Every structure is written in structure tokens, then in C-alpha cells.
Amino acid sequence: MISTNATDRTTAQVVRSGDKLLPSLGILLVTGGLVLLGWFAYLWFKLPPAPYQYQLIAEGDSKQFSQMDLDGWPELKLGQYKVQADGVDKPIAEFIVARQNEGPPVLIYWKNSTNEIPIALTESHRNSVHWQQQSASTHRKTP
27 MISTNATDRT TAQVVRSGDK LLPSLGILLV TGGLVLLGWF AYLWFKLPPA
77 PYQYQLIAEG DSKQFSQMDL DGWPELKLGQ YKVQADGVDK PIAEFIVARQ
127 NEGPPVLIYW KNSTNEIPIA LTESHRNSVH WQQQSASTHR KTP
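Under our numbering, residues 27 to 169 are what the sequence shown spells out, in order.
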């Protein structure tokens, strides 16, 4: 006679250590990969700090900035700024902006204090200009 409390070895489930470990390991690896991708995206899109600062020198209305000849617009609020670069003692530029009734600022004066041209040419552009000048001089017809 067979007892009702007897366990059948064929119907009992065998619990293996890999049944719980592999899914947990997979979830851990996927989460780690997503964190790593997020960190790389943050480093890629993080902007470095600007190598210059804007410093307010003076602020006022058009009467205080008489050199700008803006007497026809007494409601303008003017601000004079200087651009100070890191590691440079003198300001590299000075400018004046005008603002009307809390509107956006409008640049009305700019003074560049550097000896550099504000346009930077790349090496490939310089080479192409040099090549064009040479080819134009060799193809000229001399009488």
C-alpha cells in the first residue's frame, strides 16, 4: 500500500542555484550598462566653463552715456560691460547694450582690445587660398 504522505521523486521540483542567479545577474548587467551609457552621455554633453566673464562697469540712462548720442530715447536703460579673459590682465573687449522696457538687450557699441582678427581661418582654408593665388598667377597671360 502506498502512503498519501509519500513524495514522488519525479514530480518534485529540483531547485538549482542557477535558476535565481542568472536572471539577477542579467538584470544587474543591463542596469550597469544603462548607468554607464548615461554617464558617458553626461560627459559628452557637459559644457566646459567659459574662459571669460562679463563684468558690469556702469549702468544708467541715455543721459549718463552722453558719448552715445541717444538723447532722443530717454527711456533706454544702458549697461556698459567689459569682457575679462582668464589669465589676461586687461579686458579683451568692452561693449554697451541698450534695453527698452525689460526687453531683450541690443548691442550698440563694441570695442575689441585685442590685436587679433575676430575671424579664425583654418589651415585647409589657408592652403586653398594659397593654391588659388598660385594658380591665378601661373595662368595669367603675359603680353
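Yeah, the Cβ is synthetic: ideal placement off N, Cα and C, and Gly gets one too.
This structure is a prediction, so every number in the text was calculated from the model and none was measured.
> Distance, Cα to Cα, L147 vs A111?
Replying inline: What you label residue 147 is simply residue 121 of the sequence shown in a count that begins at 1. What you label residue 111 is simply residue 85 of the sequence shown in a count that begins at 1. Low confidence applies here, because L147 scores a pLDDT of 48, under 50, leaving its location unreliable; read the following figure in that light. Roughly 21 Å between the two C-alpha positions.
> If you run the structure through DSSP and keep just helix, strand and coil, what is V114?
Replying inline: Position 88 of the sequence shown, counting from 1, holds the residue named residue 114. Here V114 sits in coil by DSSP.
> Once you ignore the five residues that flank W65 on each side, which residues in its own chain have a CB closer than 7 Å to its CB?
Replying inline: For the purposes of this step, residue 65 is identified with residue 39 of the sequence shown, where counting begins at 1. Within the same chain, W65 has no close Cβ partners at all.
> Residue range of the beta strand (DSSP E) that L82 falls in?
Replying inline: Translated into positions along the sequence shown, residue 82 becomes position 56. L82 -> beta strand (DSSP E) spans Y78 to G86.
> What are the start and end residues of the beta strand (DSSP E) that includes E120?
Replying inline: For this step, residue 120 is matched to residue 94 along the sequence shown. Segment A119 to Q126, the beta strand (DSSP E) holding E120.
> Looking at N141 and the ligand SAM, is the gap between the Cβ and the nearest heavy atom below 7 Å?
Replying inline: Looking for the ligand SAM in the displayed structure turns up nothing, as the structure carries no ligands at all.
>> Just to check my reading of the structure: P131 and V123 have Cβ atoms closer than 8 Å, yes? What is that Cβ distance to the nearest angstrom?
In response: Along the sequence shown, one-based indexing puts residue 131 at 105. Along the sequence shown, one-based indexing puts residue 123 at 97. Yes, they are in contact, since the Cβ atoms of P131 and V123 sit about 4 Å apart, within 8 Å.
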